[in-house]
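Participant: What follows is a single structure, and I will ask about it in a moment.
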Amino acid sequence: MSTGSSSSFDEILVESELRGQDKLKYLPHWPAVNITFEDVVYTVDSGVDNSKSILRGVNGSFKSGQLVGILGPSGAGKTTLLNTLAGFKCENVTTGSILINNKPRNMKVFRRMSRYIMQQDIHQVALTVRDVMMYAADLKLGFKDLTKEQKAEIVEEIIHLLGLEKTMDTDCSLLSGGELKRLSIAQELVNNPPVLFLDEPTTGLDDMSSSQCVELLKRLASGGRTVICSIHTPSAKIFEMFDQVYVVANGQCVFNGKGSNIVPYMEAIGLRCPKTYNPADFILDVASGEYGHEFLDRMVEMIDNGRIVDWKPQSKISDSYENSYNADRKQSSELDYSQFEEEINPNNLEYKCSSWQQFSVLFRRASKQIYNNKSYLALRLNMHIFLGIVVGGIFYQMGNDATKTIFNFGFCFTIIIAFMYIPLLPVLLEFPTQVQLLKREYFNHWYQFNPYYFAMVVAKLPVQFFIAILYLTMVYLLTNQPIELQRIFIFYFISLLTSLTSESFGLLVSSRLSIINAMFIGPVLVCPMMLLSVYGIGSGKDTIPPLIQIFMKMSYLRHSLEGIVQSIYGFGRQDMVCPNEEVFCPYKKPAFLLRIMGFEDLDLRISILYLFGFYVMFNAAAVFLIKDRLSYRRNQIWPIQYISKAVKHYMNYL
Ligand SMILES: Nc1ncnc2c1ncn2[C@@H]1O[C@H](COP(=O)(O)OP(=O)(O)OP(=O)(O)O)[C@@H](O)[C@H]1O
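Start counting the sequence shown at 40; every next residue gets the next number (the working numbering).
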């Protein structure tokens, strides 16, 4: 039997047959992964100097081959426990330890072997279910072991298993809540990971789909996976399917064991479950404090906050955690005992695609999303044509008219304003949601961050450039700017560079903010840059105080404006035309205009260098901040910790 995910497709088929998993062909063998946690405390900052404990010293042990259900009333700490165990949010765990197969969890390795299906179902826009699944299969299964047809077969099979056949060609944005949830699960089943965490997987599903979904999870678990899911008020049928039930209340464990033992457990603390009642409902009622808080304390004490691993009616409360755990391990009949000793080969946890392949798949995915969104494409195109007509109309034929030079200077300013706002605002609106998706896919080990970022930036370029060039051509011709190849080239080049820099600025701003904050802070931050770009115009450079001159250098828009002005008026441009009837025509000479405007002594290379520098700097800062957000490690430098704490508190920084 193959021991790794590198098995060929045929081997995988044989393996599945051996395991009796006739419905899941791609079920590569993984050694058992058992998770034990001790005294876990999770504390969040609820103010700059305050903190609040959400998990209070919980303990437990979840074994491979068993389906574990984490139950509890709303706000009890189920999601937090799941996040902590999955390593999704663990920067706030203040004490406690998490062991994998009795060894301290190596977060890097663990994150590669576990998958987390979150409560919120966000998906890529403008893609069908088939697209989403096929891109997931390409990224997760790679191109070496399986052909396209084999991957399509795996996808079909999972889609069938989750009852999504009818939606195969439906756009994800049109799916119902339940279908979205199933799609989230389907995507993570593509490469069948050894550990699966699911936060409320049945939310939004009807009874039938819920039990099918839990049945599937049970089947995965019995195939040797560790499957842990939090669940709200399960039906009696679903409740019976769990091999282990872990109940949380107020951040503490109030029950840990088999669902069938809940009734005697409740009797042991002095509460009788009515015969007609679902034991899950009953324990949840008690956990939510309906029968009084003294019962909660009694339950925590009786289960020793989760240390008693599998409570049984005959068992003594004083059983030590160690004895209980070992006894339980011996009883495990479903799994090959030797599996517990088997190590996961870290090579089998590596990405299946090289960085270049990841880039290529992500580029294709991002491009398809752009071109599939036809109404948005048409809107962008039409708005640029409309803007071109408006700007071209306002500054019509002013480019070579010496009496309209000041107006034409205004035209240069409109160029940088257009290429500042047009790329910036959509990013501020879209990227915070994209980051949520990135977090999910990145955490679930679909790809590395750098290929994602490059693919995202590069995929936008063709449309961005095409629309920008169309707009620039319209306004350039309508306003009668000089028809000289060198000038046209510089004009287009600076405009496109400004557009890219604005976009990267948008990525930087929205990398750590919610949509609302990004939409507010982005335009506010570009305002001073805009003002600094035209500071001192008309009074000459000498009148600008040195400090302001330094600030002006820090505005990328100033460098854009300098570049655009040079393309139109620099490089020894000939005198502009002065109409015969005009007696006084001071701005006939471009050099005079440049001096009056404070744009003399310009150097195009410097403008380009600055713009390029800002572009690189904004991107590098955005990459740094997003990577930090994706990282499971807390920044160790205390001033940064304090600043980010304060910014988080006051600015909704994420
Ligand atoms: N970062 C945070 N800051 C402050 N409070 C938080 C934070 N994260 C979680 N909480 C609080 O911790 C408690 C537990 O949250 P958690 O999401 O784990 O509950 P839950 O049991 O999953 O609830 P539900 O079933 O409603 O999803 C809640 O009261 C929640 O408001």
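Think of the CB as a built atom: it goes at the ideal place given N, C-alpha and C, for glycine as much as any other residue.
Rounding to the nearest angstrom, what Cα-Cα distance links Ile445 and Ser414 in this structure?
Facilitator: If you take the alpha carbons of Ile445 and Ser414, they lie about 38 Å apart.
Participant: Consult DSSP for Thr186 and reduce its assignment to one of helix, strand or coil.
Facilitator: coil
Participant: Residue range of the beta strand (DSSP E) that Thr82 falls in?
Facilitator: DSSP places Thr82 inside the beta strand (DSSP E), whose first and last residues are 74-84.
Participant: So is Trp395 buried or exposed if we call it buried at 16+ other beta carbons inside 10 Å?
Facilitator: exposed
Participant: Use the C-beta contact count for Cys566: other C-beta atoms within 10 angstroms, 16 or more gives buried, fewer gives exposed.
Facilitator: exposed
Participant: CA-CA distance, Leu650 and His199?
Facilitator: 52 Å
Participant: Alpha carbon to alpha carbon, how far is Lys220 from His162?
Facilitator: So the alpha carbons of these two residues sit roughly 10 Å apart.
Participant: Please specify which runs of the beta strand (DSSP E), each continuous and at least 3 residues long, are wholly inside the stretch 613-657, giving them in chain order.
Facilitator: none
Participant: So, using beta-carbon positions, are Ile397 and Tyr486 closer together than 8 Å?
Facilitator: In the sequence under discussion, the amino acid at residue 397 is Gln, which differs from the Ile named in the question. In this structure, Tyr486 lies closer than 8 Å to Gln397 by Cβ.
Participant: Could you name the residues of the same chain whose beta carbon sits closer than 7 Å to that of Ala557, not counting the 5 residues immediately before and after it, in chain order?
Facilitator: Leu467, Pro471, Val548, Ser549
Participant: Please classify Tyr15: does DSSP put it in a helix, a strand, or coil?
Facilitator: Lying before the first or after the last residue shown, residue 15 is absent from the chain, which here runs from 40 to 693.
Participant: Just to confirm the assignment, what range does the alpha helix (DSSP H) spanning Asn411 have?
Facilitator: 394-411
Participant: Could you name the residues of the same chain whose beta carbon sits closer than 6 Å to that of Lys580, not counting the 5 residues immediately before and after it, in chain order?
Facilitator: Gly637
Participant: Report the rounded CA-to-CA distance for Lys179 versus Thr75, giving the unit in angstroms.
Facilitator: 28 Å
Participant: Quick one: Cα of Gly427 to Cα of Cys451, how far?
Facilitator: 14 Å
Participant: Return the chain-ordered ranges of every alpha helix (DSSP H) run that is complete within the stretch 140-217 and spans a minimum of 4 residues.
Facilitator: Qualifying alpha helix (DSSP H) stretches, in chain order: 146-152, 168-180, 187-200.
Participant: Could you pull out every residue in the same chain whose Cβ sits closer than 7 Å to the Cβ of Asn362, ignoring the five residues on either side in sequence?
Facilitator: Confidence in Asn362 is poor, its pLDDT being 49 and thus under 50, which makes the residue's placement unreliable; the coordinate value appears in the next sentence. If we look at Asn362 and ignore the five residues flanking it on each side, it has no Cβ neighbours.
Participant: For the stretch 137-144 and the stretch 188-199, state whether three or more C-beta atom pairs, one from each stretch, are separated by less than 8 Å.
Facilitator: no
Participant: From Gln158, Asn231, Asn73, Glu469, pick the residue whose C-alpha is nearest to that of Ile243; which is it?
Facilitator: The sequence as given places Gly at residue 243; Ile does not occur at that position. Among Gln158, Asn231, Asn73, Glu469, the Cα nearest to that of Gly243 is on Gln158.
Participant: Could you check if Glu329 is buried or exposed, using at least 16 other CB atoms within 10 Å of its CB as the buried criterion?
Facilitator: Classification of Glu329: exposed, given that the 10 Å Cβ count is below 16.
Participant: Could you give the DSSP three-state label for Asn295: helix, strand or coil?
Facilitator: strand
Participant: Is the closest heavy atom of ligand 1 to the C-beta of Gly243 under 7 Å?
Facilitator: no
Participant: When the Cβ atoms of the stretch 221-236 are set against those of the stretch 164-179, are three or more pairs found closer than 8 Å?
Facilitator: yes
Participant: Along the chain, where does the beta strand (DSSP E) containing Gly116 start, and where does it finish?
Facilitator: Note, Gly116: premise wrong, no beta strand (DSSP E); not H, not E.
Participant: Please tell me whether, using a cut-off of 7 Å, the distance from the CB of Ala115 to the nearest non-hydrogen atom of ligand 1 is below it.
Facilitator: Flag set: Cβ of Ala115 near ligand 1.
Participant: Could you check if Met593 is buried or exposed, using at least 16 other CB atoms within 10 Å of its CB as the buried criterion?
Facilitator: Exposed is the call here.
Participant: Can you tell me which of the three DSSP states Val573 falls into?
Facilitator: coil
Participant: Is it buried or exposed, Lys117, if we count other Cβ atoms within 10 angstroms and call 16 or more buried?
Facilitator: buried
Participant: Should Ile589 be listed as close to ligand 1, given that the test is whether its C-beta is under 7 Å from any heavy atom?
Facilitator: no
Participant: Helix, strand or coil for Leu596, going by three-state DSSP, please let me know.
Facilitator: helix
Participant: Where Phe559 and Arg612 are concerned, what is the direct C-alpha to C-alpha distance, given to the nearest angstrom?
Facilitator: 41 Å
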